[in-house]
Amino acid sequence: MLNKRRVLTLLVPFIIFIIGAVLLATPLLKGSDPSKLDSALVGQAVPAFTLQDIYDENKQYDATIFKGQKMLLNVWATWCPTCYAEHTYLNKLAKQGLYIVGMNYKDDRKKAIRWLNDLNDPYQISLFDQNGMLGMDLGVYGAPETFLIDSNGIIQYRHVGDLNEKVWNDKLLSIYEDME
Amino acid sequence: MLPEIGQFTLILACVLSFLQMVYPLYGVQTGHQGAIRSARILTILQFVAVAFSFAILAYSFLINDFTIGYIATNSNSAMPWYFRLSAVWGAHEGSLLLWVFLLSGWSIAVALMSKRLPIESVARVLAVLGLLSFGFYLFVILTSNPFDRTLPYFPIDGRDLNPLLQDFGLVIHPPMLYMGYVGFSVAFAFAIAALLEGRLDSAWAKWSRPWTMAAWVFLTVGIALGSWWAYYELGWGGWWFWDPVENASFMPWLAGTALIHSLAVSEKRGVFKSWTVLLALSAFSLSLLGTFLVRSGVLVSVHAFASDPTRGLFILGFLVLVIGGSLLLYAIQASKVKSRGRYELASRESMLLINNILLIAALIVVLLGTLLPLVHKEIGLGSISIGEPFFNRMFTILIVPFALFLGVGSLFRWKRQQLNDLKKPLSLILILSVLSTVAFLFIFAPFLTWLAVLGTFLGFWIIVAVVYEIYLRSTHRHAFSKGLMKLGNSHWAMSLGHLGLAVIIIGITMTQNFSIEKDVKLAVGDHITFEHYDFHFDQVDALNGPNYTGTVGIFTVKQDQKQIAVMKAEKRLYTVQRMPMTEAAIDAGITRDLYIAMGEQLPDGAWAVRIYYKPFIRWIWLGPLIMAFGGILMMCDRRYRSKKENADQDTITADKEGTQNA
Numbered sequence: 064m065l066n067k068r069r070v071l072t073l074l075v076p077f078i079i080f081i082i083g084a085v086l087l088a089t090p091l092l093k094g095s096d097p098s099k100l101d102s103a104l105v106g107q108a109v110p111a112f113t114l115q116d117i118y119d120e121n122k123q124y125d126a127t128i129f130k131g132q133k134m135l136l137n138v139w140a141t142w143c144p145t146c147y148a149e150h151t152y153l154n155k156l157a158k159q160g161l162y163i164v165g166m167n168y169k170d171d172r173k174k175a176i177r178w179l180n181d182l183n184d185p186y187q188i189s190l191f192d193q194n195g196m197l198g199m200d201l202g203v204y205g206a207p208e209t210f211l212i213d214s215n216g217i218i219q220y221r222h223v224g225d226l227n228e229k230v231w232n233d234k235l236l237s238i239y240e241d242m243e
Numbered sequence: 025m026l027p028e029i030g031q032f033t034l035i036l037a038c039v040l041s042f043l044q045m046v047y048p049l050y051g052v053q054t055g056h057q058g059a060i061r062s063a064r065i066l067t068i069l070q071f072v073a074v075a076f077s078f079a080i081l082a083y084s085f086l087i088n089d090f091t092i093g094y095i096a097t098n099s100n101s102a103m104p105w106y107f108r109l110s111a112v113w114g115a116h117e118g119s120l121l122l123w124v125f126l127l128s129g130w131s132i133a134v135a136l137m138s139k140r141l142p143i144e145s146v147a148r149v150l151a152v153l154g155l156l157s158f159g160f161y162l163f164v165i166l167t168s169n170p171f172d173r174t175l176p177y178f179p180i181d182g183r184d185l186n187p188l189l190q191d192f193g194l195v196i197h198p199p200m201l202y203m204g205y206v207g208f209s210v211a212f213a214f215a216i217a218a219l220l221e222g223r224l225d226s227a228w229a230k231w232s233r234p235w236t237m238a239a240w241v242f243l244t245v246g247i248a249l250g251s252w253w254a255y256y257e258l259g260w261g262g263w264w265f266w267d268p269v270e271n272a273s274f275m276p277w278l279a280g281t282a283l284i285h286s287l288a289v290s291e292k293r294g295v296f297k298s299w300t301v302l303l304a305l306s307a308f309s310l311s312l313l314g315t316f317l318v319r320s321g322v323l324v325s326v327h328a329f330a331s332d333p334t335r336g337l338f339i340l341g342f343l344v345l346v347i348g349g350s351l352l353l354y355a356i357q358a359s360k361v362k363s364r365g366r367y368e369l370a371s372r373e374s375m376l377l378i379n380n381i382l383l384i385a386a387l388i389v390v391l392l393g394t395l396l397p398l399v400h401k402e403i404g405l406g407s408i409s410i411g412e413p414f415f416n417r418m419f420t421i422l423i424v425p426f427a428l429f430l431g432v433g434s435l436f437r438w439k440r441q442q443l444n445d446l447k448k449p450l451s452l453i454l455i456l457s458v459l460s461t462v463a464f465l466f467i468f469a470p471f472l473t474w475l476a477v478l479g480t481f482l483g484f485w486i487i488v489a490v491v492y493e494i495y496l497r498s499t500h501r502h503a504f505s506k507g508l509m510k511l512g513n514s515h516w517a518m519s520l521g522h523l524g525l526a527v528i529i530i531g532i533t534m535t536q537n538f539s540i541e542k543d544v545k546l547a548v549g550d551h552i553t554f555e556h557y558d559f560h561f562d563q564v565d566a567l568n569g570p571n572y573t574g575t576v577g578i579f580t581v582k583q584d585q586k587q588i589a590v591m592k593a594e595k596r597l598y599t600v601q602r603m604p605m606t607e608a609a610i611d612a613g614i615t616r617d618l619y620i621a622m623g624e625q626l627p628d629g630a631w632a633v634r635i636y637y638k639p640f641i642r643w644i645w646l647g648p649l650i651m652a653f654g655g656i657l658m659m660c661d662r663r664y665r666s667k668k669e670n671a672d673q674d675t676i677t678a679d680k681e682g683t684q685n686a
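Chains F and B supply the protein sequences, listed in that same order. So for the first sequence, this note's numbering puts the first residue at 64; every next one is plus one. So for the second sequence, this note's numbering puts the first residue at 25; every next one is plus one.
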């Protein structure tokens with residue numbers, strides 16, 4: 064004889080699992096490329112913010128820094144091993160003359176400065192987003208992420224994951240070159 | 025020609041695994057003896073076929089057959105032979121082949137070492153393992169074939185293996201980890217077989233235990249190796265990053281740890297049975313989930329070198345089928361299980377229940393921390409990011425009750441414990457652990473922090489409790505030394521497992537609280553002094569490896585004027601992939617590591633150098649080794665080895681419980 068209530072209780076793990084599976088499947092079924100997490104902000108301006116400079120607490124920046132020329136916004140943190148792997152390539156891009164703004168995300172200021180001193184600083188401006196405020200507005204999913212921003216301060220593309228030669232040449236370069 | 029043979033035997037193995045799934049089940053259903061007996065033979069044949077296929081891929085790597093696409097992308101003729109061999113599992117296709125190969129290895133082990141189990145049960149278990157193998161074979165053959173050719177235009181040399189992975193750690197880390205992941209499939213298969221049979225009894229728990237323990241030992245060592253590898257190879261001196269892929273291996277470990285404890289209760293006391301089954305299903309499900317997360321690219325991570333959505337969908341489909349199906353079966357069948365044993369609130373059963381609850385809480389923390397960033401977005405709350413601080417805070421909170429109960433738990437009796445009897449031992453343990461904490465911190469801590477005191481106390485609380493428990497148990501009936509000899513392997517296993525955790529806790533506490541990290545600018549001839557250590561930068565030499573070039577910085581380290589080490593920190597540039605790598609110089613010791621990593625050369629010719637002092641970091645990896653050793657002892661316990669007397673006993677208990685469950 065089956066005890067109905069018992070069966071229902073024992074069904075709980077199954078139900079939880081199905082919900083979880085549906086949640087996991089949606090990103091795969093919807094966007095064929097899971098690394099292309101679409102940002103609702105593509106085509107829009109960078110949201111307003113005020114953040115400190117990483118080196119200097121008294122220096123503040125706001126969204127106007129994204130206007131005037133096309134640039135990359137790179138989100139990174141010292142707790143992110145992928146960022147470490149990516150850093151060399153950022154240095155290379157910076158050497159080629161690209162304008163890169165760095166956003167240090169949910170991190171420790173001292174560690175971040177040490178990182179930049181150690182591995183070279185590819186950023187023209189380094190924002191310090193300790194509480195992840197701007198990151199939240201940008202829909203940052205984790206580090207590293209890179210945004211392409213045109214000279215009007217409009218976000219044109221978002222890349223999740225590390226930048227490397229292949230990703231840059233295959234995906235970002237053409238968008239970057241087409242941007243104003 | 026050879027790769028085609030490898031491909032062919034792989035398909036053959038796939039067909040055999042299908043038969044291994046269908047035929048024995050048909051036999052059990054109809055009572056056809058031949059079909060039941062075929063399970064073992066089919067398993068052996070399947071193993072031979074896939075082993076052959078694996079050997080061919082490995083051989084093709086050794087002879088640098090770059091006509092195979094997988095080899096061309098992941099190997100290079102300049103790599104030494106052992107890295108060419110380990111490159112077999114250096115990327116997606118090969119690591120999946122390794123996965124199925126190990127799965128068939130576990131299957132054949134079950135087939136050969138389960139002679140004393142009822143043949144119908146073995147047939148069911150092997151059929152379930154056949155189903156799992158079949159799914160993975162299809163996955164490999166349809167989406168990730170390692171034997172795909174690059175003909176007719178094949179490259180002259182390969183693209184080289186990711187330099188991060190060209191390391192001794194990688195030669196052994198993935199196979200160990202996979203042995204653990206895949207090993208839980210055996211516990212899973214036993215659970216499914218028992219559910220199908222409708223016979224969940226102590227005998228089932230007893231058969232599952234050594235297999236579960238074996239998988240757990242591999243997983244423990246595998247995770248520790250991964251952590252150790254990250255420590256010396258990534259060049260940042262970190263040992264755990266809460267990276268999604270690390271979490272993917274940590275979750276089955278937590279479930280597996282809960283499972284080995286819960287199995288012990290089920291075997292000895294006949295309670296928690298349906299819970300134990302659920303854990304057995306979960307441990308393997310989490311292994312599958314880990315594979316899904318790593319291989320689908322749903323989570324972006326340093327480990328996710330190759331990802332592809334079709335692969336993700338395939339694994340997800342397989343996941344839904346296997347996990348969903350097993351949980352449904354569980355809901356229907358486990359409701360028939362009746363618990364026999366009774367126990368009171370103050371009893372060892374309750375203590376083990378608390379252990380399980382806390383482990384599952386930790387598991388949920390890791391699961392949510394890993395998946396929430398994904399799920400959060402799906403339900404329209406925007407994206408969030410959960411990093412290291414979240415996990416560290418949660419685990420700091422969870423470890424406190426866990427360690428406290430762990431220390432006390434093994435003093436409790438089964439069924440019922442008079443709390444009054446525990447007053448004396450508990451106060452003794454408390455006093456001794458406080459004293460040891462004070463002494464330890466007095467000697468080794470340069471200053472005090474709350475977390476350092478707490479962590480050290482928890483570590484010593486466990487150590488003192490374990491030692492005291494051994495003392496009590498061995499003086500129970502005999503003189504101490506004689507009683508010590510009489511303690512069973514299982515008992516030592518438990519004690520070592522707990523001691524291992526204490527060692528880890530102390531290691532983590534000391535490393536996290538008292539590490540010193542210096543980032544300095546040093547020119548040749550400079551020196552820097554801290555913590556009684558003097559580091560002298562002697563010289564910089566050129567470095568010429570087989571597939572890399574670079575520089576090596578040589579340091580002489582003195583402690584109180586005495587030279588204690590010459591350390592060589594390398595900076596390599598892998599020529600094919602143009603990727604720089606830091607090879608840190610490490611002077612390891614039981615109470616501290618000295619760690620030097622070379623940074624960039626600065627314009628003025630001096631070097632940026634990272635010098636770390638990491639107290640007790642070795643304990644973080646020593647602990648898992650102690651735990652694993654305990655696990656091995658448990659597997660060697662007489663109860664799981666001697667064949668004859670136990671076989672009789674098994675059938676008796678099985679009969680008895682069979683009637684009770686009916």
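We put the CB at the ideal spot given by N, CA and C, even for glycine. These numbers come from a predicted model, not from an experiment.
If you draw a 10 Å sphere on the C-beta of residue 443 of chain B, you find fewer than 16 other C-beta atoms in it, and that means exposed. Neighbours of residue 344 of chain B across chain F, judged by C-beta separation under 9 Å: 80, 81, 84, 88.
Residue 120 of chain F counts as exposed, since fewer than 16 other beta carbons sit within 10 angstroms of its beta carbon. Contact annotation for residue 74 of chain F against chain B: 355 [CB-CB distance below 7 Å, chain order]. Close to residue 180 of chain F, with beta-carbon spacing below 8 Å, are these residues of chain B in chain order: 543, 632.
From the beta-carbon of residue 265 of chain B, the residues of chain F found nearer than 9 Å are 142, 143, 144. Proximity of residue 105 of chain F to chain B, defined by a Cβ-Cβ separation below 9 Å, is not satisfied. Rounded to whole angstroms, the separation of the alpha carbons of residue 427 of chain B and residue 482 of chain B is 6 Å.
The beta carbon of residue 137 of chain F does not come within 9 Å of any beta carbon belonging to chain B, so the residue lies off that interface. For the stretch 182-194 of chain F, the set of positions with a beta-carbon nearer than 8 Å to some beta-carbon of chain B reads 182, 183 in chain order.
CA-to-CA, the gap between residue 48 of chain B and residue 88 of chain F works out to about 33 Å.
Sixteen is the threshold: when 16 or more other Cβ atoms of the shown chains lie within 10 Å of the Cβ of residue 255 of chain B, as they do, the residue is buried. Here residue 182 of chain B is near residue 100 of chain B, since their CB atoms are less than 9 Å apart. Nearest C-alpha to residue 136 of chain B among B/68, B/104, B/162, B/198: B/68. In the three-state DSSP reduction, residue 165 of chain F falls in the strand class (E or B).
According to the DSSP assignment, residue 616 of chain B belongs to the beta strand (DSSP E) that extends over 616-625. About 5 Å separates the CB atoms of residue 213 of chain F and residue 219 of chain F; that is less than 8 Å, so the two are in contact.
DSSP places residue 80 of chain B inside the alpha helix (DSSP H), whose first and last residues are 57-86. Annotation: the continuous alpha helix (DSSP H) that includes residue 458 of chain B extends over 447-468. Taking a C-beta distance under 9 Å as the contact criterion, residue 268 of chain B and residue 318 of chain B qualify as a contact pair. Ranked by Cα distance from residue 77 of chain B, the options B/59, B/122, B/367, B/89 are led by B/122. Taking every protein chain shown into account, the CB of residue 421 of chain B has fewer than 16 other CB atoms within 10 angstroms, so this residue is exposed. Burial check for residue 148 of chain B: the Cβ neighbour count within 10 Å reaches 16 or more, so the residue is buried.
Per the coordinates, the alpha-carbon of residue 196 of chain B lies some 35 Å from the alpha-carbon of residue 489 of chain B. Residue 30 of chain B places its beta carbon less than 9 Å from that of residue 84 of chain B. Residue 77 of chain F belongs to the set of residues whose beta carbon lies under 9 Å from a beta carbon in chain B. With a beta-carbon spacing of about 6 Å, residue 436 of chain B and residue 371 of chain B fall inside the 8 Å limit used to define contacts. Secondary structure at residue 106 of chain F: coil, using DSSP grouped into helix, strand and coil.
Taking a contact to require three or more Cβ pairs closer than 8 Å, the stretch 82-98 of chain B and the stretch 137-156 of chain B do not qualify as touching. For residue 574 of chain B, there is no enclosing alpha helix (DSSP H); the residue is found in the beta strand (DSSP E) stretching over 572-583. Residue 485 of chain B is positioned such that its CB atom lies closer than 9 Å to that of residue 457 of chain B.
When the Cα atoms are used, residue 213 of chain B and residue 599 of chain B turn out to be separated by approximately 47 Å. Interface criterion not met: the Cβ of residue 172 of chain F is under 9 Å from no Cβ in chain B. Remark: C-beta atoms of residue 309 of chain B and residue 347 of chain B approach each other more closely than 9 Å. Of B/70, B/491, B/570, the smallest CA-CA separation from residue 153 of chain B is found for B/70. Distance check between residue 239 of chain F and each of F/142, F/163, F/126, F/174 places F/163 closest, using alpha-carbon atoms only.
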